[in-house]
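Asks: Take a look at the following structure, please.
Residue numbers (the numbering used here): 1 to 160.
So this is what it looks like as structure tokens:
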């Protein structure tokens with residue numbers, strides 16, 4: 001199963017859904033596709049199951065069950081996939097398409113891709129190729145730095 005997460009932005013991201021639908025129509029994507037669409041929920045598909053927002057317990061279940069996570073460039077969505085050891089394809093919401101207020105998601109995705117955590121979908125025409133590559137892609141294991149940051153903060157608090 002492929003899980004697609006578009007975040008909770010107040011802007012549409014139909015460009016990604018159009019690309020996925022195109023590959024479903026071409027029979028490249030044969031798996032079940034479930035979409036957490038946020039405000040892109042008015043997108044119509046006869047093939048994808050599309051939800052505005054998915055309750056957290058159901059979302060966690062879908063994350064654990066999916067084979068591939070296709071997501072926007074939100075840090076939370078990317079890290080959720082990585083923590084669950086999923087193969088992640090990330091696509092940036094871009095300002096020029098009215099999908100975001102700036103292009104910071106390009107930088108986020110680029111940094112994760114350079115470190116070997118995910119595959120970046122820069123050109124939506126490349127989705128078919130990236131889906132083929134993801135099968136052999138072995139993402140770097142995600143290691144949280146939360147405890148390190150907590151210790152740094154605790155040390156600063158103690159010093160003050």
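Just so it is clear, CB atoms sit at the ideal spot from N, CA and C, and this is done for glycine as well.
#1: Anyone know if the C-beta pair for residue 142 and residue 83 falls short of 7 Å?
#2: May I ask whether a heavy atom of the ligand MN can be found less than 6 Å away from the beta carbon of residue 150?
#3: Is the beta carbon of residue 92 closer than 7 Å to that of residue 71?
#4: Rounded to whole angstroms, what is the Cα-Cα separation between residue 155 and residue 44?
#5: Mapping DSSP to helix, strand and coil, what is residue 104?
#6: What is the rounded straight-line gap between the Cα of residue 88 and the Cα of residue 20?
#7: Nearest to residue 46 by CA position, among 22, 127, 65, is which residue?
#8: Since residue 81 and residue 62 should fall inside the 8 Å C-beta cutoff, what is the C-beta to C-beta distance between them, to a whole number of angstroms?
#9: Taking 7 Å as the limit between beta carbons, can you name the residues of its chain near residue 130, skipping five residues before and five after?
#10: Do residue 78 and residue 112 come within 7 Å of each other at the CB atom, strictly closer than that value?
#11: Just the Cα atoms here: how many angstroms apart are residue 159 and residue 56?
#12: How is residue 140 classed by DSSP in three states: helix, strand or coil?
Replies: Reading off the structure:
#1: Residue numbering aside, residue 142 sits at position 142 when the chain shown is read from its first letter. Residue numbering aside, residue 83 sits at position 83 when the chain shown is read from its first letter. It is a contact, given that the beta carbons lie within the stated cut-off.
#2: Absent from the structure shown: the ligand MN. Ligands present: none.
#3: In the chain shown, the residue the question calls residue 71 occupies position 71. In the chain shown, the residue the question calls residue 92 occupies position 92. Taking the C-beta atoms as reference points, residue 92 is found no nearer than 7 Å to residue 71.
#4: In the chain shown, residue 155 corresponds to position 155, counting from 1. In the chain shown, residue 44 corresponds to position 44, counting from 1. Computed Cα separation, rounded: 52 Å.
#5: Locating residue 104 in the chain shown gives position 104, counting from the first residue. Residue state, collapsed to three classes: helix.
#6: Mapped onto the chain shown, residue 88 falls at position 88. Mapped onto the chain shown, residue 20 falls at position 20. Cα-Cα distance, rounded: 15 Å.
#7: What you label residue 46 is simply residue 46 of the chain shown in a count that begins at 1. Comparing Cα positions, the closest option is 22.
#8: Within the chain shown, numbered from 1, the residue matching residue 81 stands at position 81. Within the chain shown, numbered from 1, the residue matching residue 62 stands at position 62. Not quite, the Cβ-Cβ distance comes to about 11 Å (not below 8 Å), so this is no contact.
#9: Against the chain shown, residue 130 aligns to sequence position 130. Once the five neighbours on either side are set aside, the close Cβ partners of residue 130 are 89, 119, 121.
#10: As a working note, residue 112 is residue 112 in the chain shown. As a working note, residue 78 is residue 78 in the chain shown. Taking 7 Å as the Cβ cut-off, residue 112 and residue 78 qualify as a contacting pair.
#11: Position 159 of the chain shown, counting from 1, holds the residue named residue 159. Position 56 of the chain shown, counting from 1, holds the residue named residue 56. Put simply, the backbone Cα of residue 159 is about 38 Å away from that of residue 56.
#12: Walking along the chain shown from the start, residue 140 turns up at place 140. Three-state result, residue 140: coil.
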